[in-house]
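Structure first, commentary second.
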Amino acid sequence: MNLYFRLLWLFWRIRQNKAKQPLLDVIDINFRALPSDCDINLHLTNSRYLAMMDLARTWMTERVGLFAAVMKRRWFPIVNATAITYIRDIKPLQEFTVSTRLVGWDHKYFYIEQRFHSARGLHAIAYVRGVFRSRQGVVSVEEMLEVAGFKGEAPILPEEIVHWKAMLEQKKARNTQVA
1 MNLYFRLLWL FWRIRQNKAK QPLLDVIDIN FRALPSDCDI NLHLTNSRYL
51 AMMDLARTWM TERVGLFAAV MKRRWFPIVN ATAITYIRDI KPLQEFTVST
101 RLVGWDHKYF YIEQRFHSAR GLHAIAYVRG VFRSRQGVVS VEEMLEVAGF
151 KGEAPILPEE IVHWKAMLEQ KKARNTQVA
């Protein structure tokens with residue numbers, strides 16, 4: 001239930017937001033691990049990381065000036081793949097930050113890095129691959145960048161993203177072969 005409250009809080013923040021950041025900037029959002037976010041081991045449960053990543057990406061969409069345009073066009077984000085590495089647990093009532101940044105794109109997908117960190121250090125790092133869809137299908141990367149007003153060069157994808165992409169393609173090819 002607390003995720004609904006966080007979502008309402010996020011929508012309130014979006015309505016209040018006047019600041020914008022460039023598309024490739026790191027966008028931070030702060031959270032506190034509520035007791036209801038934690039599991040029997042008394043740390044943030046793994047499913048909450050993914051839910052908070054969703055909220056952080058929504059906040060990023062607002063901060064880079066895309067939220068209103070996406071809503072107006074009735075585009076919706078689709079996560080195609082996620083990889084997360086847990087490094088240090090997040091304790092109940094601990095404050096932490098999720099830092100989100102667009103690290104690049106290819107012919108179809110956007111690649112996002114999300115880091116969970118606090119005064120105790122880095123807690124987790126995740127990569128997300130996704131697209132935006134409309135009723136007509138997948139929104140092209142070019143159209144998305146045009147709506148974002150991005151006129152710069154595409155960043156070079158980090159080596160770990162290149163390897164992750166290759167692994168995803170191998171996994172897809174191996175599991176879609178006809179037996």
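The sequence shown begins at 1 in this note's numbering and counts up by one. The beta-carbon is built from N, C-alpha and C at its ideal position, and this holds for glycine as well.
| query | Of all the alpha helix (DSSP H) runs that stay within the bounds of the segment 118 to 162, which reach a length of 4 or more residues? | reply | 141 to 148
| query | Can you give, in chain order, each stretch of the beta strand (DSSP E) that sits fully within the segment 75 to 110 and has at least 3 residues? | reply | 76 to 86 and 95 to 105
| Can you list, in chain order, the residues of its chain whose CB lies under 7 Å from that of His43, leaving out five sequence neighbours each side? | As a position in the sequence shown, residue 43 is number 43, starting the count at 1. Taken in chain order, the residues that qualify are Asp89, Ile90 and Lys91.
| query | Whose CA, out of Leu23, Gly152, Glu153 and Arg174, lies closest to the CA of Gly65? | reply | Position 65 of the sequence shown, counted from the start, is the residue given in the question as residue 65. For Gly65, the nearest C-alpha among the options comes from Leu23.
| Between the segment 70 to 78 and the segment 149 to 167, do three or more beta carbon pairs fall short of 8 Å? | no
| Whole runs of the beta strand (DSSP E) within the segment 42 to 76, excluding any shorter than 3 residues | none
| For Gln114, does the three-state DSSP call read helix, strand or coil? | As a position in the sequence shown, residue 114 is number 114, starting the count at 1. Correct three-state label for Gln114: strand.
| query | Taking the continuous beta strand (DSSP E) assigned at Asp28, which residues delimit it? | reply | Taking the first residue of the sequence shown as position 1, residue 28 is located at position 28. Start and end: Ile27 to Arg32.
| query | Short check: CB of Phe67 to CB of Ile112, under 8 Å? | reply | Here residue 67 refers to the residue found at position 67 of the sequence shown. Here residue 112 refers to the residue found at position 112 of the sequence shown. Not in contact: Phe67 and Ile112 (Cβ atoms no closer than 8 Å).
| query | So, using beta-carbon positions, are Val162 and His107 closer together than 8 Å? | reply | In the sequence shown, residue 162 corresponds to position 162, counting from 1. In the sequence shown, residue 107 corresponds to position 107, counting from 1. Taking 8 Å as the Cβ cut-off, Val162 and His107 do not qualify as a contacting pair.
| request: Please name the residue, chosen from Ser47, Leu3, Ser99 and Asn80, that lies closest to Arg63 on a Cα-to-Cα basis. | output: For the purposes of this step, residue 63 is taken as residue 63 along the sequence shown, with counting starting at 1. Ranking the options by Cα distance to Arg63, first place goes to Ser99.
| Whose CA, out of Arg133, Met60, Glu95 and Val138, lies closest to the CA of Leu122? | Stepping through the sequence shown from its first residue, residue 122 is reached at position 122. Of the candidates Arg133, Met60, Glu95 and Val138, the one whose C-alpha sits nearest the C-alpha of Leu122 is Glu95.
| task | Taking only the alpha-carbon atoms, compute the straight-line gap between Asp54 and Ala166 and give it to the nearest angstrom. | result | Indexing the sequence shown from 1 puts residue 54 at position 54. Indexing the sequence shown from 1 puts residue 166 at position 166. Straight-line Cα distance between these residues: approximately 24 Å.
| message | Measuring only the C-alpha atoms, how far is Trp12 from Thr85? | response | Sequence index remark: in the sequence shown, residue 12 carries index 12 (1-based). Sequence index remark: in the sequence shown, residue 85 carries index 85 (1-based). Looking at the two C-alpha atoms, the distance is approximately 31 Å.
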